[in-house]
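For reference, the structure is listed below as structure tokens.
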Amino acid sequence: MIFELRTYTAMPGRLPDLNRRFRDHTTKIWERMGWNMVGFWTYKHGGRSDQLVYMLGWPDQATRDTSFAAFQADPDWLAARESSEGNGPLVANIVSEILSPTDYSNLK
């Protein structure tokens, strides 16, 4: 198993809208697609107040790549993205990091 750590930096003042899109649309699509959503976070202390951080679990890189391509083409996602960006883009920057667990990690 691999884990993907993704950090979204929201456009100024748009983090509530980004959280709303994830809560009301994105996670529901991912549930339908069978994605392993490990967790979602915002910073309470020590990080940026305009960022959403989340982690996904994947059996392997090929599954991750195929799944993301399917998501990007999903009609429900395309509609949700379009409707949520009526007042402009929600995201200024995305960082995606793929992590492999160590042999002593609780999550494998």
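Okay, so the sequence shown: first residue is 2 according to my numbering, each after it adds one.
Virtual Cβ for every residue (Gly too), placed ideally from N, Cα, C.
Let's test the definition: count the other Cβ atoms within 10 Å of the Cβ of residue i and tell me whether it reaches 16, buried, or not, exposed.
i   : result
A11 : buried
L79 : exposed
W59 : buried
W42 : exposed
R65 : buried
R22 : buried
R33 : exposed
L91 : buried
R24 : exposed
L16 : buried
According to DSSP, is residue i part of a helix, a strand, or is it coil?
i   : result
N20 : helix
W36 : coil
L79 : helix
T28 : helix
T67 : helix
Per DSSP, what are the beta-bridge partners of residue i in this structure?
i   : result
S97 : R7
W59 : I3
Q52 : T10
F72 : Paired residue(s): none; F72 is not in a bridge.
T43 : L53
Please confirm if the segment 65-72 is in contact with the segment 81-91, defined as three or more CB-CB distances below 8 Å between the two stretches. no
Evaluate contact between the segment 51-58 and the segment 7-22, counting only Cβ atoms and requiring at least three cross-stretch pairs below 8 Å. yes
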